[in-house]
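One structure below.
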Amino acid sequence: MPPSRKPKLAVWKFASCSGCQLTLLNCEDELLAVAGQVDIAHFVEASRAVVRGPYDLSLVEGSITTPHDVELIQQIRRRSKCLVTIGACATAGGIQALRNFKDVQEFVSIVYAAPEYIETLATSTPIADHVQVDFELRGCPINKEQLLEVVSAFLNGRKPNLPLYSVCIECKRRGTVCVMVAHGTPCLGPVTQAGCGAICPAYYRGCYGCFGPMETPNTDSLSRRWSYLGVEEQDLVRAFRTFNAWAEAFREESVAHEK
Amino acid sequence: MKSRTIKVNYLARVEGEGALHVKISNNTVTDVKFKIWEPPRLFEAFLRGRKYNEAPDITARICGICPIAYQMSSAHAMESAFGVTVDPQIRALRRLIYCGEWIESHALHVFLLHAPDFLGYDDGIQMAKDHAEVVQKGLQLKKVGNELMALLGGREVHPINIRVGGLYRAPTKRELAPFIEKLKWGRDAALETVRWTATLPFPDFEQDYEFVALLHPDEYAITEGRLVSNKGLDIALSEYDDHFVEEHVPYTNALHSVLKERGSYLVGPLARYNLNFDKLSPLAQQAARDAGLGPVCRNQFKSIIVRSVETLYAYDEALRIIDEYEMPEKPAVEVQPRAATCYGCTEAPRGSLYHRYRVDDQGVILDAKIVAPTSQNQKSVESDLWQFVPKHMDLPSDQLTWQCEQVIRNYDPCISCSAHFLKLHIERD
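So the sequences go chain by chain: A and B.
Be aware that the first sequence starts at 7, since it is given in this note's numbering, and climbs by one per residue.
Be aware that the second sequence starts at 238, since it is given in this note's numbering, and climbs by one per residue.
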């Protein structure tokens, strides 16, 4: 193998929809430039070629849902200098973490005629529950610019510069009129971490929390506001229980409204 | 060397995690397994108890490459349950964003996933070293599709604008206007792509598939129609379960969707093209003819040309829709839930995507069934391999393995989509 000084990038997939790794391929203007700066050493969705580790940066998509995953993530961690999780599945367990609130065997038997063949864990858990993670990139899906910022930060040995505030700040910066105040539309923006660019309110719809809870969110207060707007308890449970259902703040809030 | 095994544990350049296993004994193929080992995510189970209006955003998470297909199949199912008809302009906008999805998904496959096989590269990035112009153009073609998704849907992956009853927000005519120039560029570039893909080397591999796709009287079917085939199928969506069944195949423990009467069938670009050729725009028809494709194409290796023809059509159609667009008064109609069993099927980039739901009078989902394109094509993938391998037995192992991979990649399989209902079994011997 020819000697290579370029840092090695690897992309890994666990239980997920591939949307976050697709975001890398959606960087149409930057893709070839990125490929010039790094060795894309392991990215099965894009290439047959696989370069052996260790890897300088591993991007991990998806949540841990099978015994095989539990083993594999340990191996990946051992072979990776930096490990960054990308997206809601990898950072919070994803939509498939809805099984965590139920009996998984019951779930499996709904979908499959012969449940005994299914090799699956009772829970869907984030990568950080299993190995040390150097950075967690939020979103269902992740945002393209944030991804490029993270890759460039890690390749240059600095900390990614990404906001921890709520979607509300992004609405203000974008000049979007508050959908909750102006139209009474329930919105998770006040408790959700920024990063998407506050898309939903710009389309006259409430934020549905796909970037997960912000730092110290006041979910209880927001729930009271939603109740005042006429949202029923079961719908509050549903609202907090989507793509980041297992993230602590959202999980606790959904449980609090479950009868 | 009379006996050998072709094994690919991680199929590359496909969406999701699949494996290939072919066994040859005494120069005879004795076993073919296209295995899906993507972990099951149990969507049909956790949809139970969710509200009807959550189905589009939840099911979108089955696949990051074709979220609009999931959003549209589920929205249509719910709209039919509640007797809702959307405004014709909203219908057109949904078709427009769907064109965006076809463009980004097809361009991704044509240039980054499929073309490298024909030219002998591991990936699109390696290919770009020798064919920079082609790859750059492919990326730009893909980008315009993504921009269309972002304009109408807010973002490329998991757009946020589709709702049961319509859209959350309809764009103004002025917002769409700047797109016309980009789409015209894309239409030209897509036309060149059809010509370019026609120059690739294709093996003779004509198969007698049963093609299944939606058929619409007035348009190249994307969002609605009857399900038809070239072997006599012609049904309304509500009759789906009478004709299709998910079969338990013991050696893979996978469910394969088959036609009850005739077995395996094929969905996707090739099926649509063969069943709906006369509904393509004149430009797309002409381009196909010039590329040497007749109205019938039975060679899955040539699906790269057909995908390019469909990309061209999607650009052409997007231009037509924008040209005729008038902003509707309201982006959505009111929806009043009622108890029903309902059906939705649209043409995802990879083929027909069927949804069936049962909802109660409050619009709470009681059960759900989703049949993704790749599950429907699994059996065809395997029968292609059964046919292909004996004819190419003389190739060295690495080349034969690569070509077998290509047989699978011809289908642009989307394994995450299929895994939520596929049985998973890891061999432990």
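Every residue gets a Cβ at the ideal spot worked out from N, C-alpha and C, and that includes glycine.
These numbers come from a predicted model, not from an experiment.
**OP:** Indicate whether GLU447(B) and TYR502(B) have their beta-carbon atoms separated by less than 8 angstroms.
**Re:** As a working note, residue 447(B) is residue 210 in the second sequence. As a working note, residue 502(B) is residue 265 in the second sequence. The answer is yes: Cβ separation under 8 angstroms.
**OP:** Please confirm whether SER317(B) and GLY600(B) have their CB atoms less than 8 angstroms apart.
**Re:** On the second sequence, position 80 is the one that residue 317(B) refers to. On the second sequence, position 363 is the one that residue 600(B) refers to. It is not a contact, given that the beta carbons lie outside the stated cut-off.
Original post:
Among all the DSSP beta bridges, which residues are the ones paired with GLU67(A)?
Top reply: Taking the first residue of the first sequence as 1, we reach residue 67(A) at position 61. DSSP links GLU67(A) through a beta bridge to LYS19(A), ILE92(A).
**OP:** Note down, one range per segment and in chain order, each beta strand (DSSP E) of at least 3 residues found wholly within the region 400-483 of chain B.
**Re:** 449-452, 463-466
Original post:
Does the Cβ-Cβ distance between THR434(B) and ILE542(B) come in under 8 angstroms?
Top reply: In the second sequence, the residue the question calls residue 434(B) occupies position 197. In the second sequence, the residue the question calls residue 542(B) occupies position 305. In contact: THR434(B) and ILE542(B) (Cβ atoms closer than 8 angstroms).
Subject >> Assigned exposure category for ARG575(B) - 16 Cβ within 10 Å defines buried >> reply: Taking the first residue of the second sequence as position 1, residue 575(B) is located at position 338. Exposed: under 16 other Cβ atoms inside 10 Å.
**OP:** Alpha carbon to alpha carbon, how far is ILE101(A) from ASP241(A)? Give it in angstroms, no decimals.
**Re:** Along the first sequence, read from residue 1 onward, the residue named residue 241(A) stands at position 235. Along the first sequence, read from residue 1 onward, the residue named residue 101(A) stands at position 95. Cα to Cα, the separation comes out at about 17 angstroms.
Original post:
For PRO219(A), which beta-bridge partners are listed by DSSP?
Top reply: Counting from one through the first sequence, the residue named residue 219(A) turns up at place 213. According to DSSP, PRO219(A) bridges with THR198(A).
Subject >> Within chain A, the residues that PRO293(B) reaches when beta carbons sit closer than 9 angstroms >> reply: Taking the second sequence and counting its residues from 1, the one referred to as residue 293(B) is at position 56. Going along chain A, no residue has its Cβ under 9 angstroms from PRO293(B), so there is no contact; the nearest lies around 11 angstroms.
Subject >> Which residues DSSP lists as bridging PHE49(A), in chain order >> reply: Taking the first sequence and counting its residues from 1, the one referred to as residue 49(A) is at position 43. Note: PHE49(A) sits in a beta bridge opposite VAL17(A).
**OP:** From the DSSP output, read off the bridge partner residues of LEU257(B).
**Re:** Here residue 257(B) refers to the residue found at position 20 of the second sequence. BP columns for LEU257(B) point to VAL245(B), PHE271(B).
Subject >> Nearest to MET386(B) (by Cα), restricted to the options GLN308(B), PHE271(B), ALA369(B) >> reply: Looking up residue 386(B) in the second sequence gives position 149. Cα-wise, what sits closest to MET386(B) is GLN308(B).
**OP:** For ASP354(B), I'd like the list of residues in its chain whose CB is within less than 7 angstroms of its CB, leaving aside the five on either flank, ordered along the chain.
**Re:** Your numbering for residue 354(B) matches position 117 in the second sequence. Cβ neighbours of ASP354(B) beyond the five flanking positions: GLN643, ARG646.
**OP:** Would you decide whether VAL626(B) is buried or exposed? Buried here means 16 or more other CB atoms lie within 10 Å of its CB.
**Re:** Within the second sequence, residue 626(B) is the residue found at index 389, counting from 1. Answer is buried; the Cβ neighbour count reaches 16.
Original post:
Does the separation of the CB atoms of GLY99(A) and SER130(A) fall below 8 angstroms?
Top reply: The residue you call residue 99(A) lines up with position 93 of the first sequence. The residue you call residue 130(A) lines up with position 124 of the first sequence. Contact: yes.
**OP:** Using the DSSP secondary-structure output, state which residues sit across from ALA577(B) in a beta bridge.
**Re:** By one-based count along the second sequence, residue 577(B) stands at place 340. VAL596(B), per the DSSP bridge assignment.
Original post:
Just curious, the alpha helix (DSSP H) that LYS567(B) is in, first and last residue?
Top reply: As a first step, residue 567(B) must be located in the second sequence, where it is residue number 330. No alpha helix (DSSP H) holds LYS567(B); DSSP gives it neither H nor E.
**OP:** Show which residues of chain B have a CB atom less than 7 angstroms away from the CB atom of ALA21(A).
**Re:** Position 15 of the first sequence holds residue 21(A). Near ALA21(A) (Cβ distances below 7 angstroms), the residues of chain B are PRO276, ARG278.
Original post:
Mind pulling the chain B residues with CB within less than 9 angstroms of GLU51(A)?
Top reply: Residue numbering aside, residue 51(A) sits at position 45 when the first sequence is read from its first letter. The answer, in chain order, is ALA249, ARG250, VAL251, GLU252, GLY253, LEU350.
Original post:
Is ASN536(B) helix, strand or coil when you go by DSSP?
Top reply: Counting from 1 along the second sequence, the entry for residue 536(B) is found at position 299. If DSSP states are grouped into helix, strand and coil, ASN536(B) belongs with the strands.
Original post:
Are the C-beta of HIS629(B) and some C-beta of chain A separated by less than 8 angstroms?
Top reply: As a working note, residue 629(B) is residue 392 in the second sequence. It does not: the Cβ of HIS629(B) has no partner Cβ on chain A nearer than 8 angstroms.
Subject >> Residue nearest to ARG11(A) in terms of C-alpha spacing, selected from LEU161(A), GLY195(A), ILE148(A) >> reply: Translated into positions along the first sequence, residue 11(A) becomes position 5. Residue LEU161(A) is the option with its Cα nearest to ARG11(A).
Subject >> Proximity below 8 angstroms, CB of GLY93(A) to CB of ILE148(A) >> reply: Here the question's residue 93(A) lines up with position 87 in the first sequence. Here the question's residue 148(A) lines up with position 142 in the first sequence. Yes, they are a contact pair.
**OP:** Check whether the Cβ atoms of VAL673(B) and ILE243(B) sit closer than 8 angstroms, and answer yes or no.
**Re:** Because chain B in this structure spans residues 238 to 666, residue 673(B) falls outside the shown range and cannot be described.
Original post:
Does the count of Cβ pairs from the region 139-158 of chain A and the region 15-30 of chain A closer than 8 angstroms reach three?
Top reply: Contact between the region 139-158 of chain A and the region 15-30 of chain A is present, because at least three Cβ pairs lie under 8 angstroms.
Subject >> Selection from ILE299(B), SER240(B), ALA249(B), GLY255(B) that minimises the alpha carbon distance to SER24(A) >> reply: The residue given as residue 24(A) occupies position 18 in the first sequence. Residue ILE299(B) holds the alpha-carbon nearest to the alpha-carbon of SER24(A) among ILE299(B), SER240(B), ALA249(B), GLY255(B).
Subject >> Interface flag, GLN102(A) vs chain B, CB-CB below 8 angstroms >> reply: The sequence position of residue 102(A) within the first sequence is 96, counting from 1. True, the Cβ-Cβ gap to chain B drops below 8 angstroms.
**OP:** Indicate the three-state DSSP secondary structure (helix, strand or coil) for ALA208(A) in the structure shown.
**Re:** Working through the first sequence from its first residue, we reach residue 208(A) at position 202. Residue state, collapsed to three classes: helix.
Original post:
Along chain A, which residues have their Cβ under 7 angstroms away from the Cβ of LEU376(B)?
Top reply: Indexing the second sequence from 1 puts residue 376(B) at position 139. Near LEU376(B) (Cβ distances below 7 angstroms), the residues of chain A are GLU34, LEU37.
Original post:
Nearest-angstrom Cα distance between ASP515(B) and ARG509(B)?
Top reply: If you number the second sequence from 1, residue 515(B) lands on position 278. If you number the second sequence from 1, residue 509(B) lands on position 272. Near 11 angstroms, if we compare the C-alpha coordinates of ARG509(B) and ASP515(B).
**OP:** Let me know the secondary structure DSSP gives VAL251(B) once reduced to three states.
**Re:** The residue given as residue 251(B) occupies position 14 in the second sequence. VAL251(B): coil per DSSP, three-state reduction.
Subject >> Backbone secondary structure at VAL347(B) - three-state DSSP >> reply: As a working mapping, residue 347(B) is identified with position 110 in the second sequence. In the structure shown, VAL347(B) sits in a helix (DSSP, three-state: H, G or I).
Original post:
According to DSSP, which residues form a beta bridge with CYS651(B)?
Top reply: Walking along the second sequence from the start, residue 651(B) turns up at place 414. Per DSSP, GLU252(B).
Original post:
Skipping 5 residues on each side, what residues in its chain have a beta carbon closer than 8 angstroms to that of SER125(A)?
Top reply: Here residue 125(A) refers to the residue found at position 119 when the first sequence is read from its first residue. In the sequence on display, residue 125(A) carries Glu and not Ser. Closer than 8 angstroms at the Cβ level, and outside the excluded window around GLU125(A), lie THR72, PRO73, HIS74.
Original post:
What residue from GLU34(A), PHE246(A), ALA55(A), SER22(A) has the CA that sits closest to LEU15(A)'s CA?
Top reply: Position 9 of the first sequence holds residue 15(A). That would be ALA55(A), whose Cα lies nearest to the Cα of LEU15(A).
Original post:
Which full runs of the alpha helix (DSSP H) of 4+ residues lie inside the region 319-373 of chain B, going along the chain?
Top reply: Listed in chain order, they are 325-344, 352-356, 361-367.
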